[in-house]
Amino acid sequence: MPKVITRKRGNTWEYRFELAKIDGKRKQKSKGGFTTQKEANAAGILAASDYQTCGVYFTPSEISFSDYLKLWMKQYCKVNLNQNTCENYEKKVKLHIEPHLGKYKLKSLTSVILQDFINLKFNEGYSRNTLSVIKGILVSSLNYAVTTLQFIKNNPMASVKLPLSRARSQIETRKKERIVLSDEFIKKLFERFNETTTAYNELLLGYTCGLRLGEAFAVDLEKDIDYENGILTVNHQVQFLNGYWTLLPPKYESRRKIKLDSFTLDRLKQEKEKHFKSISYYDKYYTQLKVNDKKQLNYEEGTPIHLLSTHENGTYIQPRIMQHVGRIVHYKLYDENEDISEDEFIKYDFHSLRHKHATMLLENDANIKDVQERLGHKNIETTLQIYTHPTEKMQAKTIKILEQSNILK
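Quick note on the working numbering: the sequence shown kicks off at 83 and runs consecutively.
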């Protein structure tokens with residue numbers, strides 16, 4: 083560390099130390115205004131240490147994995163990843179990684195320790211998707227420690243594997259089981275939440291378009307719908323970030339065009355007409371929803387936006403109303419409709435409508451590639467997994483094929 087020199091200048095003290103030469107010329111760092119020599123010396127030592135270590139206030143070989151993850155989040159994630167991804171990573175780190183691995187020094191992590199950790203999470207019943215995210219965080223963070231910061235020589239995650247897909251955990255997997263909603267259930271759902279309710283439009287888009295929850299609450303009546311050709315373009319989803327509902331790209335950047343059925347298209351045309359009539363009717367008392375440069379929805383500043391999910395007076399209908407829908411379905415609808423399986427009422431959530439939409443298309447022989455693109459699935463394997471929930475209609479078609487193809491009859 084460079085030597086710190088203090089001197090008195092007038093009634094105050096300053097520190098000074100040598101910096102690296104530039105073009106052969108001496109450079110110095112100095113700062114004055116300290117009341118005593120002791121204060122100047124202490125500040126000078128701190129500044130010299132900062133200069134010597136380039137702002138790193140620790141010995142890389144001694145840093146804990148917990149502190150290293152905070153450094154990685156600050157230097158890499160918040161620079162290169164979107165806010166939603168960063169928040170998801172922070173949750174996974176806080177809930178899973180830090181409690182088990184945070185106490186180790188970065189240099190002490192081994193493949194054995196990390197494999198035991200992955201196995202532990204597996205045996206606690208976490209889904210393969212959750213395990214993949216945790217593994218991805220560990221691989222990425224430790225790669226950064228190797229290649230960019232050079233804190234360690236090798237990535238100990240290189241040989242760590244997820245358990246085989248046929249493996250069975252000690253606790254039943256926490257992965258949510260998807261069921262195929264029956265036609266009878268769909269009818270009852272829309273009888274209860276009909277076109278007069280605030281949840282109807284978004285439920286309809288989940289059922290007839292297969293939209294995700296955040297996507298259904300981000301549809302712009304003016305910009306996202308081609309009324310002449312009957313096409314809905316999925317440009318955004320909404321997420322609640324930093325106290326605001328915020329427009330973000332769809333999951334997996336899955337911007338896509340969805341051909342609308344005539345029933346849904348007519349409904350959207352009606353909603354657009356009603357929306358702009360309300361603006362004229364309420365006039366200065368209309369609460370105009372806006373989106374600012376940060377893509378946050380608000381009423382104070384930004385560009386006016388005309389979302390489907392607004393009340394008559396212009397205020398935003400938030401996705402949280404689906405929690406109310408869920409409570410009604412789970413705790414009330416079954417008592418009124420005992421002829422429908424209790425399982426459907428218990429396991430229903432908004433995503434069930436998306437699953438129903440896909441199943442409805444597949445069991446009627448829709449092109450699977452078209453279904454994939456309609457749903458915005460990242461890969462076709464995700465779409466194919468829907469076939470793991472065969473319906474009676476699918477099974478009947480299978481038997482019909484066998485009956486027609488059996489040459490032994």
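Even glycine gets a Cβ: it sits at the ideal position worked out from N, Cα and C.
Since the model is a prediction, treat every value here as computed from it, not as a measurement.
Return the CA-CA distance between residue i and residue j, expressed in angstroms with no decimal places.
i	j	result
Asp-375	Glu-335	19 Å
Pro-386	Lys-377	12 Å
Thr-346	Leu-287	8 Å
Asn-93	Ser-131	26 Å
Cys-168	Glu-96	42 Å
Glu-172	Glu-206	20 Å
Tyr-133	Val-161	23 Å
Gly-114	Leu-330	48 Å
Glu-273	Gln-321	29 Å
Lys-217	Leu-101	43 Å
Glu-284	Thr-229	46 Å
Tyr-309	Lys-429	35 Å
Asp-417	Ala-281	21 Å
Gln-119	Lys-103	27 Å
Ile-46	Lys-185	The structure shown has nothing for residue 46, since the chain only spans 83 to 491.
Phe-427	Asp-365	42 Å
His-433	Arg-402	14 Å
Asn-164	Val-215	16 Å
Ile-240	Val-194	The displayed chain sequence assigns Ala, not Ile, to residue 240. Taking the straight line from one Cα to the other gives about 11 Å.
Lys-372	His-357	15 Å
Gln-486	Lys-479	11 Å
Thr-369	Met-442	39 Å
His-406	Leu-177	27 Å
Secondary structure at residue i, three-state DSSP: helix, strand or coil?
i	result
Ala-448	coil
Phe-233	coil
Asp-302	strand
Glu-96	strand
Arg-250	coil
Ala-125	helix
Asp-375	coil
Ile-216	helix
Ser-344	helix
Asp-308	strand
Ala-130	helix
Tyr-208	coil
Tyr-158	helix
Ser-241	coil
Lys-113	strand
Lys-167	According to the sequence displayed, residue 167 carries Thr and not Lys. In this structure, Thr-167 counts as helix in the three-state DSSP scheme.
Leu-191	coil
Tyr-150	helix
Mind reading off the beta-carbon distance from residue i to residue j? Whole number of angstroms is fine, and I expect it under 8 Å.
i	j	result
Pro-332	Glu-297	6 Å
Leu-389	Val-301	7 Å
Asp-425	Gly-408	So it is not a contact: roughly 15 Å between Cβ atoms.
Phe-199	His-182	5 Å
Lys-111	Ala-125	That pair is no contact at about 11 Å.
Leu-244	Arg-210	7 Å
Leu-415	Lys-269	Leu-415 to Lys-269, Cβ: 12 Å. No contact.
Thr-51	Gln-454	Nothing can be reported for residue 51, as the shown portion of the chain is limited to 83 through 491.
Thr-278	Pro-238	Not really, about 59 Å apart at Cβ, beyond 8 Å.
With distance defined between alpha-carbon atoms, name the residue in the options nearest to residue i.
i	options	result
Leu-220	Tyr-208, Arg-210, Gly-207 and Gln-197	Gln-197
Gln-319	Lys-187, Arg-294, Glu-420 and Tyr-282	Arg-294
Lys-189	Phe-233, Pro-401 and Ala-300	Phe-233
Asp-149	Gly-207, Leu-342 and Ile-179	Ile-179
Trp-327	Tyr-398, Thr-369 and Lys-339	Tyr-398
Leu-379	Tyr-430, Tyr-368, Gly-325 and Asp-348	Gly-325
Tyr-367	Gly-396, His-357 and Glu-382	Gly-396
Gly-312	Glu-455, Tyr-289, Lys-339 and Leu-330	Lys-339
Leu-263	Arg-98, His-439 and Gly-458	His-439
Arg-91	Phe-116, Asp-105 and Lys-107	Phe-116
Ile-468	Tyr-363, Leu-444 and Gln-370	Leu-444
Met-155	Gln-454, Leu-224, His-412 and Ser-360	Leu-224
Leu-342	Asn-123, Thr-465, Thr-290 and Met-239	Thr-290
Leu-231	Gln-157, Ser-434, Glu-394 and Val-175	Gln-157
Phe-147	Ser-344, Val-373, Tyr-226 and Arg-337	Tyr-226
Asn-276	Arg-349, Asp-306, Glu-382 and Asp-452	Arg-349
Gln-252	Leu-213, Arg-337, Thr-278 and Asn-201	Asn-201
Arg-260	Arg-436, Glu-383 and Val-242	Arg-436
Glu-144	Lys-152, Glu-266 and Lys-187	Lys-187
Glu-121	Val-86, Leu-314, Thr-212 and Glu-394	Val-86
Output the residue ranges of the alpha helix (DSSP H) runs that lie fully inside the region 256-295 and measure 4 residues or longer, sorted by chain position.
Here the runs fully enclosed are 265-274 and 282-291.
Which parts of the region 356-431 are runs of the beta strand (DSSP E), unbroken and 3 residues or longer, counting only runs that do not cross its ends?
The region 356-431 contains no whole beta strand (DSSP E) run of 3 or more residues.
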